[in-house]
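Data first, discussion second: the structure below is written as structure tokens.
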Amino acid sequence: MADTALVLGGGGAVGGAWMAGVLAGLAEAGLDVAAADVVIGTSAGAIFGTRLASGGTAAELYEEQLAGANPIGLTVTLGQTARYLWAALGSRDPRRSVQRLGRAALAARTAPESEVFDVVGTLLGDVRQWPERELRITAVDARTGNLEVFDAASGVTLLEAVAASCAVPVVWPPVSVAGRRWMDGGSRSTSNIHLARGHRRIVAISPIPKAVGPHPSAPRQAAELAADGARVSLLTPDGTARRAMGRNMVDNSRRPAAARAGHAQATALAESVAEVWHG
Numbered sequence: 503m504a505d506t507a508l509v510l511g512g513g514g515a516v517g518g519a520w521m522a523g524v525l526a527g528l529a530e531a532g533l534d535v536a537a538a539d540v541v542i543g544t545s546a547g548a549i550f551g552t553r554l555a556s557g558g559t560a561a562e563l564y565e566e567q568l569a570g571a572n573p574i575g576l577t578v579t580l581g582q583t584a585r586y587l588w589a590a591l592g593s594r595d596p597r598r599s600v601q602r603l604g605r606a607a608l609a610a611r612t613a614p615e616s617e618v619f620d621v622v623g624t625l626l627g628d629v630r631q632w633p634e635r636e637l638r639i640t641a642v643d644a645r646t647g648n649l650e651v652f653d654a655a656s657g658v659t660l661l662e663a664v665a666a667s668c669a670v671p672v673v674w675p676p677v678s679v680a681g682r683r684w685m686d687g688g689s690r691s692t693s694n695i696h697l698a699r700g701h702r703r704i705v706a707i708s709p710i711p712k713a714v715g716p717h718p719s720a721p722r723q724a725a726e727l728a729a730d731g732a733r734v735s736l737l738t739p740d741g742t743a744r745r746a747m748g749r750n751m752v753d754n755s756r757r758p759a760a761a762r763a764g765h766a767q768a769t770a771l772a773e774s775v776a777e778v779w780h781g
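With the working numbering as the guide, the letters of the sequence shown map in order to residues 503 to 781.
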């Protein structure tokens, strides 16, 4: 069994801020989870995972959230929310649910694909090359509903992979990469913790532990890996963090408070995480 894996889930601007706080809090407690043998990122987690795997630090990510740097000018309307929910909740079958979501995403009137690439490019800073370390980025084929895991050997650029992982259905258009249309990697699972199977020690940070629709939750996926013999530490927002985050995951004004809540939560949980990470 391979050794360590860091899994970073999706959660929009606000969930990402909380996650940055968690990462910084763990790092300050002496837990460099960013040094994992593999980093697996979904949506916001794909952005932060890429930056960490490329030499960035948790402290940098945290300070950016506190300062409100690089705000995402994205508004989610009630109509978009309703179309998302209608598609995702329209079937109890997981595959049909994500296929419905893909059809809704392909039919939606949104900003051009170039906006997704522009925003993601800004959030990645100057990082454009796949890192030497193992980095896996998730996305979902909008036409088939199949999950794809991009890495350095996939034949796509790093920016393409991360943009595909961040293309929130109905809100942003599925992006065109390698002749296919891709949507947010969290469309099937908000964190895709199952992709860490085969690793002995796993830390998973999941801002939104339950996907909309009939899909496995982060706690369920973590429990399945633990049942296979892995040591798993799953961090999800506690009550204080949820209040700081609010309900709108693209509300940039919530980012500093969400980041501080994540930092405080990680500080409180550092000892239990260390038991897994150093076990």
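We treat Cβ as the ideally placed atom computed from N, Cα and C, and that holds for glycine.
The three-state reading of DSSP puts Trp588 in helix, counting H, G and I together. In the three-state reduction of the DSSP assignment, Arg611 falls in the coil class.
Nearest to Lys712 by C-alpha distance, out of Gly517, Gly570 and Asp505, is Gly517.
For the 8 Å CB-CB criterion, Pro671 and Trp684 do not form a contact. Scanning its chain for C-beta atoms nearer than 6 Å, with the 5 sequence neighbours on each side dropped, one finds around Pro758 the residues Leu568, in chain order. Distance from the Cα of Gly511 is smallest, within the candidate group Ser719, Thr559 and Ser556, for Ser719.
Per DSSP, the beta-bridge partners of Arg682 are Val679. If you draw a straight line from the Cα of Glu726 to the Cα of Arg702, it comes to about 13 Å. The beta-carbon separation of Ala641 and Gly687, rounded to 5 Å, stays under the 8 Å limit for a contact. In the DSSP assignment, Leu660 falls within the alpha helix (DSSP H) that extends over Leu660 to Cys668. Asp643 sits buried, since 16 or more C-beta atoms from the chains shown fall within 10 Å of its C-beta. Within the same chain, and ignoring the five residues on either side of Ala560 in sequence, the residues whose Cβ sits closer than 8 Å to its Cβ are Ala522, Leu525, Ala526, Leu528, Ala529, Ala536 and Leu554. Out of Ala531, Asp534, Asp539 and Val778, the CA that lies nearest to the CA of Ala507 is found in Asp539. Inter-residue distance for Ser667 and Thr738 is about 20 Å (C-alpha atoms, whole angstroms). Boundaries of the beta strand (DSSP E) around Ser735: Arg733 to Leu737. The distance from the Cβ of Trp520 to that of Ala761 is about 7 Å, consistent with a contact at the 8 Å cut-off. DSSP places Thr769 in the uninterrupted alpha helix (DSSP H) bounded by Arg757 to Trp779. Rounded to whole angstroms, Arg630 and Ala665 show a C-alpha spacing of 12 Å.
Given a length threshold of 4 residues, each whole run of the alpha helix (DSSP H) inside the stretch 509 to 590 is given here in chain order: 514 to 530, 546 to 555, 560 to 569 and 580 to 590.
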